[in-house]
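*Asks:*
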Amino acid sequence: TIVFILQDSGAVLGDSESLDLMSIPDAFMTEINQVIKTNSKDTAVTFLRLPEPPRNLEKEALRMYQLLKIQSDNLPPVMYVHGIKTVVSSSN
């Protein structure tokens, strides 16, 4: 479902590894939020990757903030971390 939301919105760019920030629908981030909620019921802190700043900061900064806000809505405390590489970690 999540991937189809992005494809239908036109947010996936040609190389399929990049997203058009302004085209990412709220529904995508809402789905991501639900996945995190489902998998973090007993989590004290959730660490999420902070994406690269938008290229057109003046135009896209507000949209990036809105998307991150939707992503973290009603979650346990969230710490956004910017790193060089994407890391996926899960432990019980």
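Once you know that position 3 of the sequence shown is 115 in the working numbering, the rest is easy, because the numbers rise by one and skip nothing.
Just so it is clear, CB atoms sit at the ideal spot from N, CA and C, and this is done for glycine as well.
Return helix, strand or coil for Ala-157, following the three-state DSSP convention.
*Replies:* Checking the displayed sequence, the identity of residue 157 turns out to be Val instead of Ala. The answer is coil: DSSP assigns Val-157 none of H, G, I, E or B.
*Asks:* Bridge partners for Tyr-192 per DSSP, in chain order?
*Replies:* In the DSSP output, where bridge partners are listed per residue, Tyr-192 has Leu-160.
*Asks:* Considering only their Cβ atoms, is the gap separating Leu-180 from Thr-158 smaller than 8 Å?
*Replies:* No, the pair does not count as a contact, with Cβ atoms beyond the cut-off.
*Asks:* Touch check for the region 134-147 and the region 166-180: three-plus C-beta pairs under 8 Å?
*Replies:* Output reads yes: the region 166-180 touches the region 134-147.
*Asks:* Whose CA, out of Pro-166, Lys-149, Leu-160, lies closest to the CA of Met-134?
*Replies:* Closest by alpha carbon: Pro-166.
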